[in-house]
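Counting from 0, one number per residue, gives the positions in the sequence shown under numbering that gives the first Met the number 0. We put the CB at the ideal spot given by N, CA and C, even for glycine. Please read these numbers as outputs of a predicted model, since none were measured by experiment.
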Amino acid sequence: MIFTFYSYKGGVGRSMALASVARLLAARGARVLVVDFDLEAPGLEMYFLDPARAAATRAAPGLVDLLQDYRRALSDEAELANPRFKQLAAYIQPVRPAVGTQSGLVHLLGAGAREGSDAERRYALAVRSFDWQDFYFNWKGDRFFDWLRRRWQDPPQPGRPDTSYDVVLVDSRTGVTEMGGVCAYQLADVAVLLCAANQQNLLGTRSVAEDFTSPGVLALRNGRPLQILALPARLEEGNAERAQFLLDFQREIGALGMPAALAAAGFSVADLA
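In structure tokens:
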């Protein structure tokens with residue numbers, strides 16, 4: 000399954016939560032891919048690697064390079080004959096490899112090559128100038144992300160590096176953005192919405208949850224439902240306003256943010272806080 004981690008505002012611990020979940024799943028034997036889709040403020044590698052290894056990972060190609068290579072293949076017949084973007088393993092780095100008989104691992108599809116001042120400038124320009132509407136309307140962006148979903152979930156193929164995973168965790172940019180829309184509308188099976196304990200986050204998260212479950216988004220997903228898991232974040236046990244915020248959270252989001260399976264198992268908002 001593919002889980003997109005999203006927050007309406009920053010500072011809620013979204014990336015840290017994603018990294019912790021990745022480690023827990025790998026410890027239980029799962030093959031996990033984490034994807035840094037927070038392209039304007041990347042850095043997911045820092046949650047897994049020491050500074051030297053993180054720098055080496057930032058020097059490697061990632062998601063932005065994959066998108067550029069895909070467009071290059073559609074515009075260049077020579078490149079299309081042997082498209083670089085289909086060599087998906089070239090963009091993915093191991094950050095927690097399987098050890099001995101343990102099968103669990105964590106791989107990273109980073110934001111893109113940006114180590115060093117020149118590479119960082121090229122990366123920033125690529126992100127600022129990337130037109131998502133153009134990508135979808137003129138470069139068949141929906142087909143690209145459908146292909147990417149399949150590659151992540153298909154069984155391994157003979158003669159091809161294994162780029163299939165049990166779980167994919169996508170770190171999405173905050174706010175109402177086109178990138179956030181791509182992460183949820185097309186990629187995700189489940190959207191994990193982290194909400195800090197204030198009214199701005201609460202109302203924004205409710206609005207996003209309503210959008211993600213709207214008939215329009217369901218149509219964009221060709222009828223494939225998007226489950227929502229909304230979580231109160233950074234809510235300290237000893238906070239005097241904890242109980243009131245949980246009541247507000249239940250009132251504003253309630254069943255909209257609680258998957259039916261968890262509700263049937265008896266989970267409440269307080270259990271997830």
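>> Nearest by alpha-carbon distance to LEU168: which of TRP151, ASP64, LEU124, LEU201 is it?
In response: Within the sequence shown, numbered from 1, the residue matching residue 168 stands at position 169. Ranking the options by Cα distance to LEU168, first place goes to TRP151.
>> DSSP three-state label for PHE36, please.
In response: Your numbering for residue 36 matches position 37 in the sequence shown. Reduced to three states, the DSSP call for PHE36 is strand.
>> Let's see if you can read the secondary structure: which residues bound the alpha helix (DSSP H) around SER171?
In response: As a position in the sequence shown, residue 171 is number 172, starting the count at 1. Here SER171 belongs to no alpha helix (DSSP H); instead the beta strand (DSSP E) covers 166 to 171.
> What's the C-alpha gap between PHE205 and LEU230?
Replying inline: Mapped onto the sequence shown, residue 205 falls at position 206. Mapped onto the sequence shown, residue 230 falls at position 231. A quick correction: the sequence has Arg, not Phe, at residue 205. Those two C-alpha atoms are separated by around 11 Å.
>> Measuring CB atoms only, is the region 34 to 43 touching the region 105 to 114, in the sense that at least three cross pairs come out at less than 8 Å?
In response: yes
> Out of curiosity, what's the CA-to-CA distance linking LEU147 and TYR5?
Replying inline: Counting from 1 along the sequence shown, the entry for residue 147 is found at position 148. Counting from 1 along the sequence shown, the entry for residue 5 is found at position 6. Near 20 Å, if we compare the C-alpha coordinates of TYR5 and LEU147.
>> Within 10 Å of its beta-carbon, does GLN185 have 16 or more other beta-carbons around it, so buried, or fewer, so exposed?
In response: Counting from 1 along the sequence shown, the entry for residue 185 is found at position 186. So GLN185 ends up on the buried side.
> Using the rule of at least 16 other Cβ atoms within 10 Å of the residue's Cβ for burial, across every protein chain shown, is GLN156 buried or exposed?
Replying inline: Counting from 1 along the sequence shown, the entry for residue 156 is found at position 157. Exposed: under 16 other Cβ atoms inside 10 Å.
> Three or more beta-carbon pairs under 8 Å between the region 11 to 20 and the region 134 to 148, yes or no?
Replying inline: no
>> For PHE143, report the span of its alpha helix (DSSP H) as first-last.
In response: Taking the sequence shown and counting its residues from 1, one reaches residue 143 at position 144. 140 to 152 is the extent of the alpha helix (DSSP H) around PHE143.
> Who are the Cβ neighbours of VAL11 in its own chain at under 8 Å, not counting the five residues just before and after it?
Replying inline: Mapped onto the sequence shown, residue 11 falls at position 12. Answer for VAL11: LEU193, CYS194, ALA195, ASN200, ALA232, ARG233, listed in chain order.
> Are the beta-carbon atoms of PHE2 and VAL189 separated by less than 8 Å?
Replying inline: Looking up residue 2 in the sequence shown gives position 3. Looking up residue 189 in the sequence shown gives position 190. Their beta carbons are under 8 Å apart, which means PHE2 touches VAL189 by this criterion.
> Can you name the start and end residues of the beta strand (DSSP E) that GLN92 belongs to?
Replying inline: To locate residue 92, count along the sequence shown from 1; it is residue 93. Per DSSP, GLN92 belongs to the beta strand (DSSP E) from 91 to 95.
> What first and last residue would you give for the alpha helix (DSSP H) that runs through PRO231?
Replying inline: Against the sequence shown, residue 231 aligns to sequence position 232. Where PRO231 is concerned, there is no enclosing alpha helix (DSSP H), although the beta strand (DSSP E) it sits in stretches over 226 to 232.
>> So, at 7 Å on beta carbons, what are the nonlocal neighbours of ALA16 in its own chain, with the 5 sequence-adjacent residues on each side left out?
In response: Numbered from its first residue, the sequence shown carries residue 16 at position 17. Cβ within range, chain order: PHE4, LEU193.
>> Are the CB atoms of GLU251 and LEU202 within a distance shorter than 8 Å?
In response: Residue mapping note: residue 202 aligns to position 203 of the sequence shown, counting from 1. Residue mapping note: residue 251 aligns to position 252 of the sequence shown, counting from 1. Yes; because the gap between Cβ atoms is below 8 Å, this pair is in contact.
> From what residue to what residue does the alpha helix (DSSP H) around PHE266 run?
Replying inline: Here residue 266 corresponds to residue number 267 of the sequence shown, with the count starting at 1. Unbroken run through PHE266: none, as it is neither H nor E.
> Hey, ALA54 and GLU119: beta-carbon distance below 8 Å or not?
Replying inline: What you label residue 54 is simply residue 55 of the sequence shown in a count that begins at 1. What you label residue 119 is simply residue 120 of the sequence shown in a count that begins at 1. No, the pair does not count as a contact, with Cβ atoms beyond the cut-off.
> How big is the Cα-Cα spacing for VAL289 and LEU255?
Replying inline: Residue 289 lies beyond the range of the chain shown here (0 to 272); nothing can be said about it.
> Can you name the residues that DSSP bridges to VAL207?
Replying inline: Here residue 207 refers to the residue found at position 208 of the sequence shown. DSSP lists no partner for VAL207.
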